[in-house]
Amino acid sequence: MIELKPEELVDSKNLLQVIGTVHWPHTREFGKQMWRALGRWVEDGVIVPNKVEELPNGLYGIADGLERLKNGAVSCVKLIAHPQDGL
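Quick note: the sequence shown, position 17, residue 17 per full-length UniProt numbering, numbers continuous.
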C-alpha cells in the first residue's frame with residue numbers, strides 16, 4: 001500500500017486504485033475463458049514469466065537486494081530470497 005504524506009497531496013492530482021479480478025459476477029465468464037487459455041499463451045510465448053534472480057546468502061542477501069533496488073540497479077527481474085538458506 002502506498003501512503004502519501006499530507007504535503008504530497010495536491011488538488012491537481014487524483015489517486016486511483018485499480019483492481020483486476022475475475023471473481024466478480026460480471027467478470028467470471030472472462031475468467032473462465034482466460035484460465036482455459038493461459039497454459040497455451042505461456043507455451044506460445046504470448047505471456048512470458050518474469051526473469052528471476054535468486055539472491056545469495058539467504059536472509060542476509062535481502063539487504064543487498066533492497067540496496068540494489070534503491071540504487072536503480074535492478075530492472076526487469078524479480079529478486080527471490082530463500083531466508084532459510086545460510087542459517
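From the three backbone atoms N, C-alpha and C, an ideal C-beta is built for every residue, glycine too.
- Separation of M34 and P56 (C-alpha to C-alpha, rounded to the nearest whole angstrom) is 36 Å.
- For E43, the enclosing alpha helix (DSSP H) begins and ends at 28 to 44.
- According to the DSSP secondary-structure assignment, V52 is paired through a beta bridge with K78.
- Here DSSP, grouped into helix, strand and coil, assigns I19 to coil.
- In the three-state reduction of the DSSP assignment, L9 falls in the coil class.
- Relative to K78, the option among L66, Q84, H23, V46 whose CA is nearest is L66.
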